[in-house]
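Residue 11 is where the sequence shown starts when you use the numbering used here, and the numbers rise one by one after that. A virtual CB, placed ideally from N, CA and C, is assigned to each residue, including glycine. Following: one structure in structure tokens, then a few remarks.
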Amino acid sequence: MRRRDTRAALLFISPWIIGFLIFTLWPVLYSGYLSLTDYDVINDPNFVGFDNYAALFEDPKIGLAFRNTLIFAAMSVPAQLVVALALALLLNAAARATGFFRTAFFLPKMTPPVAVGILLLMLFNGQSGLINSVLGVFGIDGPSWTTDPGWVKPGLVLMSLWTVGATVIILLAALRAVPQELYDAALVDGAGWWRRTLRVTVPMISPTIFFVVVVDTIGALQSFTEAYTAFFGSGNTTYSNDAALFYVIYLFQQAFEFLHMGYASAMAWVLFIVIMAITVVQVLVSRRYVHYEGRP
């Protein structure tokens, strides 16, 4: 009976297994082979060993792209977590219309990333953008978000908060699972709202916070669409492209603009290794700060 159940289970999940093998595993393995070749799509791959990887250390734009990506990730991940947690706490405390606000917060996540990139140019335009117009009402001279290299990444981070709704829903689900008895006990001990949040809420939802941080970090390190649409896909050369040159954007340029598929594949594998290394560090750090029920 166990073997029959196993065969039935494999039969049901076989479409996913086939799709994974064809559309995920095979491209990943093939890209590993291409990273060892000189391939321009038109001609057959020419094996060059680790020359592509050696060339990465000599390309000055690789360092620029990595630095831009890491700075963006270091800014966007904490910002998204803080905003999402604040909104989730407000929703958790709301007595009415919670369902409406859950939907309202999540809807921007459905916005196509290309539209978000175009919206960034409209909202953060230094001369006529809505953000600077609102700041001007309060007597604040807004910066040149899209032309000043120092403000390009902060503008992208602020724009990334537009799609924070999915994280809000995840954190809200975790908040709803915190036992009420813990809050009651803390209240009896005289703990205020802030202390209850720090000593009860955050430790109890720390596994969810850890999951969000890992997922958002991986997403930030692979940022592409919004920045590419705003600063590279518009055809406008007045914008500061170097400040928005993320690693995946440079990878895309090498692959599909310059047809350096072998070099781009090497870049992809280096990014994979970097993401794996960062994730391992996060997992190791989480053992000290993440609390799981039933574990000491």
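Residue i - DSSP class collapsed to helix/strand/coil
i           : result
residue 102 : helix
residue 252 : helix
residue 73  : helix
residue 302 : coil
residue 258 : helix
residue 200 : coil
residue 210 : helix
residue 67  : coil
residue 195 : helix
residue 189 : coil
residue 266 : helix
residue 247 : Low confidence applies to residue 247: its pLDDT is 49, below 50, so where it sits in the model is not reliable enough to give any reading.
residue 58  : coil
residue 242 : coil
Range of the contiguous alpha helix (DSSP H) that encloses residue i
i           : result
residue 272 : 271 to 299
residue 51  : That residue, residue 51, is in no alpha helix (DSSP H); it is neither H nor E in DSSP.
residue 18  : 12 to 30
residue 229 : 216 to 231
residue 41  : 36 to 44
residue 234 : Run containing residue 234: none; DSSP gives neither H nor E here.
With 16 other Cβ atoms within 10 Å as the buried cut-off, status of residue i
i           : result
residue 275 : buried
residue 170 : buried
residue 110 : exposed
residue 303 : exposed
residue 211 : buried
residue 71  : exposed
residue 255 : buried
residue 150 : exposed
residue 57  : exposed
residue 273 : buried
residue 39  : exposed
residue 11  : exposed
residue 28  : exposed
residue 148 : exposed
residue 138 : exposed
residue 104 : exposed
residue 2   : Outside the shown range of the chain (11 to 306) lies residue 2, about which nothing can therefore be said.
residue 203 : exposed
residue 165 : buried
residue 16  : exposed
residue 191 : exposed
residue 187 : exposed
Cutoff 8 Å: residue i Cβ touching any chain C Cβ
i           : result
residue 114 : Any reference to chain C falls outside this structure, which holds one protein chain only.
Completely contained alpha helix (DSSP H) runs for the stretch 92 to 174, where each covers 4 or more residues | 108 to 116, 123 to 133, 140 to 147, 159 to 170
Can we say the stretch 173 to 190 touches the stretch 106 to 115, given the rule of at least three CB pairs closer than 8 Å?
-> yes
Just checking, does the stretch 81 to 92 make contact with the stretch 134 to 153 on the three C-beta pairs under 8 Å criterion?
-> no
Examine the Cβ distances between the stretch 119 to 129 and the stretch 264 to 273 and report whether three or more of them are shorter than 8 Å.
-> no
Touch check for the stretch 285 to 301 and the stretch 211 to 221: three-plus C-beta pairs under 8 Å?
-> yes
Would you call the stretch 34 to 45 and the stretch 216 to 227 in contact, with 3 or more CB pairs under 8 Å?
-> no
Check whether the stretch 60 to 75 touches the stretch 272 to 289, taking contact to mean three or more Cβ pairs, one atom from each stretch, closer than 8 Å.
-> yes
Validate contact between the stretch 159 to 170 and the stretch 126 to 137 using beta carbons, cut 8 Å, 3 pairs | yes
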